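Worksheet: one structure, shown below.
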Amino acid sequence: MKKKISEAEAKKRIDFLVEEISRHDYLYYVKNEPEISDEEYDALYRELRELEEQFPHLKREDSPTQRIGGAPLKEFKSVKHKVPMLSLDNTYNEEEIHDWVERNEKIIGKQKMTFVVEPKIDGVGISLRYEKGKLKLGATRGDGITGDDITHNIKTIRSIPLKLKDGYPDVLEVRGEVYMEKKAFEELNLKRSKEKLSTFANPRNATAGTLKLLDPRQTAKRKLNCFVYQAGEINPQPEIKTHWEMLEYFKRMGLRVNEHIRKFDTIDGVIKYAKEFEKIRDTLQYEVDGMVIKVNELGLYEKLGTTLKAPRWAVAFKFAAKQGSAQILSVDVQVGRTGVLTPVANLSPTKIGGVVIKRATLHNFDEVKRLGVKEGDWVWVERSGDVIPKITGVITSKRTGKEKDISIPQKCPVCGSPVFKDEENVAIVCKNSFCPAQIERGLIHFASRKAMDIEGLGEKVVHELIERGFVKNFADIYRLKIIDLFKLPLFKEKKAQNLLKGIEASKRRPLSRFLFAIGIPLAGEKACEILAQKFKTLEKIMKAKKQELEEIPGIGPKMAEAIIRYFSLPVTKKNLRELMQLGVRPVEEEERVKSDKLKGKVFVFTGTIPIPRSEAEKLVVENGGRASSSVSSNTDFVVVGENPGSKLQKAKKLNIKTIPYEEFLKLIK
Ligand code: IVH
């Protein structure tokens, strides 16, 4: 039974609920600091909706329920921008940025110029117009002069306030970028492929497609987000002298401004920051395709002026491209170290971010099905950092009908054994542990950088050694003689000696790396580190009971079982015995720990510190502590370098002690 409530009471309650829900929207979507649970939020929302149904005439225009109000549109109205929405000129290297600064210096003469640098969000540029603090218009950039009125869709974006905070001017028009987070984009594409709809090539296209929907209820489901970064029309003009202050002003109005924006007095600082930022771009939840460098002093804007389509007071510094398109010429099936079959596409060569790409992974056969990809298809290819490029979508409009289905192999393409689906039903596996492909990949892994780190023993050399029958297992590596190596083409004396030196040095690697190298099924780098720290010696690990292993955080029942099974195999025992006989002696943890100054303490590093992160983590371990890559309630210290990432925020949220790098050094002095 609903309580009877007078109209006056209803109005009071509606006013309260509108303000309260808007406040929680701000805390959740703009500040990323929620105060209440989703359930509590839903209860407030439901109460407001019910009151508005009971008293429709009390419904406020800025009510959060109005975010998804209104019927679908028939078409978009055009709107003319009061201040044109310009574009940006691009630069691709340091030199071009210096040229930009020099050109500006010539124009402004002796006046001082400083800079603000912002991530260039890869989304869709929009304009938001607030009149008397209320959101009146949301529009696309269009051709810069006229855009589409997309207010109905803009209102569904919760990080865009419907009402500004107190202190707003009569008119505030801001520019920003609407974007879709990578996770939401992947979910959307997955859903669409299940429904046999075409998928979007990237989050930007998905955003553009979403903003073009005529029914706001559909838009609301797609989880868009927004950052603002530039002023349009403001009336009356506030007393603001720099772009930096303008961004602060936006924040005071309750608008969402990106947290990675920085200001610098010199362009060298800007360039250093931009380059560092490029390295962390993949860790962000949204796509960034470069940095935007803006002159900070607003007083210089008029003098600098604009070219035909772009202002001179700003410039884009574009990162190396990540996406391109190519045609699948054929598909190979590779067999990995653990027997998993991976389809790999041979592509028509395509240049992405300055690198020619000829091959890309399709991950597994489920992915082939999910993408609906065929041999001969034109596809979107993505590369990030050093990982192998991957295929992210099919360009169905380029199909000719001549494309061929990619079939799931019934036999291992290398050894011919029948293949099986793994437990999760995703991977197709060759279970023959003597499969030459598995042996080869296993040896490559053994010698790789994060494992035994044997210099000179890369893919090609391993392949040669196997082909010639010199090496069949790990132990054979330590039996290699210089005379054998001389028989390999291209192996001159120096190279052979260096390889033997590398092999010798690998005999004393930390236990954790040795464990990782031998390839215990399911045990990754982190798990091996945990095992080494917990048991200290290989002997103790080999004797560990299942229960003991299961109870270790980070190991779990499945991995525990795999570890037990692995060490109980006669072939494992034989291999390990042989390695030991040949002088391989992993450095046990006891020997590695130099002090117990950080005993039991968990450290996480964020931002740029003066030494490589792996070195810093080694210092932690050597002093009895543990290094982790992510912040959790178990973390004791977060060591903060320059330009820290989201880990710093998380630490603050969880109330974890943060210290600068210098202080960390003092702890181990
Ligand atoms: S300022 C006149 N700042 O990049 C200056 N633009 O390629 C207007 N963009 O049309 C733009 N992040 O849609 C600016 N922090 C940022 C940006 C940004 C993304 C977009 C914007 C612009 C396009 C130019």
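This note's numbering applies: residue 140 is where the sequence shown begins, and numbers increase by one.
We treat Cβ as the ideally placed atom computed from N, Cα and C, and that holds for glycine.
No experiment lies behind these values; they were computed from the predicted model shown.
Residue 808 versus residue 645 - alpha carbon distance: 30 Å
Exposed unless 16 or more other CB atoms sit within 10 angstroms - verdict on residue 584: buried
Integer-rounded CB distance, given that residue 256 should sit under 8 Å from residue 392: About 22 Å separates the two Cβ atoms, so there is no contact after all.
For residue 287: DSSP bridge partner residues: 217
DSSP three-state assignment for residue 517, whether helix, strand or coil: strand
Separation of residue 356 from residue 140, as counted between CA atoms: Low per-residue confidence applies at residue 140: pLDDT is 49, beneath 50, and the placement is therefore not dependable enough to give any value.
Environment of residue 559 [buried if 16+ CB atoms lie within 10 Å]: exposed
Check whether residue 260 and residue 219 have beta carbons under 8 Å apart: no
Contact the segment 473-485 vs the segment 496-509: 3+ CB pairs below 8 Å: yes
Other residues of its chain near residue 596: CB distance less than 6 Å, five sequence neighbours each side excluded: 586
Residue 316 beta carbon near the ligand IVH (any heavy atom closer than 7 Å): yes
Three-state secondary structure (DSSP) of residue 269: strand
First through last residue of the alpha helix (DSSP H) which encompasses residue 344: 342-350
Neighbourhood of residue 701 by C-beta distance below 6 Å, restricted to the same chain and skipping five residues each side: 660, 661
Contact under 8 Å by Cβ, residue 780 with residue 800: yes
Contacting residues, own chain, Cβ-Cβ under 7 Å from residue 523 (five flanking each side not counted): 421, 461
Proximity test, residue 453 beta-carbon vs the ligand IVH heavy atom, cut-off 7 Å: yes
Bounding residues of the beta strand (DSSP E) (the contiguous stretch that carries residue 559): 558-560
CA-to-CA distance, residue 198 to residue 146, given in whole angstroms: 12 Å
Per DSSP, the bridge partner or partners of residue 767: 743
Identity of the residues DSSP links to residue 366 by a beta bridge: 316
Distance, residue 433 Cα to residue 405 Cα: 12 Å
Residue interval of the beta strand (DSSP E) (run including residue 796): 796-799
Proximity test, Cβ basis, 8 Å: residue 209 and chain D: No chain D is part of this structure, which consists of one protein chain only.
Residue 708 - DSSP class collapsed to helix/strand/coil: coil
Whole-number beta carbon distance between residue 200 and residue 266, since they are thought to touch under 8 Å: At roughly 20 Å, the Cβ-Cβ gap does not stay under 8 Å, so residue 266 and residue 200 are not in contact.
Nearest to residue 579 (by Cα), restricted to the options 215, 398, 612: 612
Beta-carbon spacing of residue 542, residue 589 below 8 Å: no
Euclidean distance between Cα positions of residue 721 and residue 323: 52 Å
Closer than 7 Å: residue 431 CB and nearest the ligand IVH heavy atom: yes
Helix, strand or coil at residue 581 [DSSP, three-state]: helix
Residue of 736, 228, 708, 786 minimising C-alpha distance to residue 448: 228
For residue 633 and residue 823, the rounded distance between their alpha carbons: No information on residue 823 is available, as it lies outside the stretch 140 to 808 that the chain covers here.
Whole-number beta carbon distance between residue 310 and residue 372, since they are thought to touch under 8 Å: 6 Å
The ligand IVH heavy atom lying under 7 Å from the CB of residue 264: yes
Residue 725 beta carbon less than 8 Å from that of residue 648: yes
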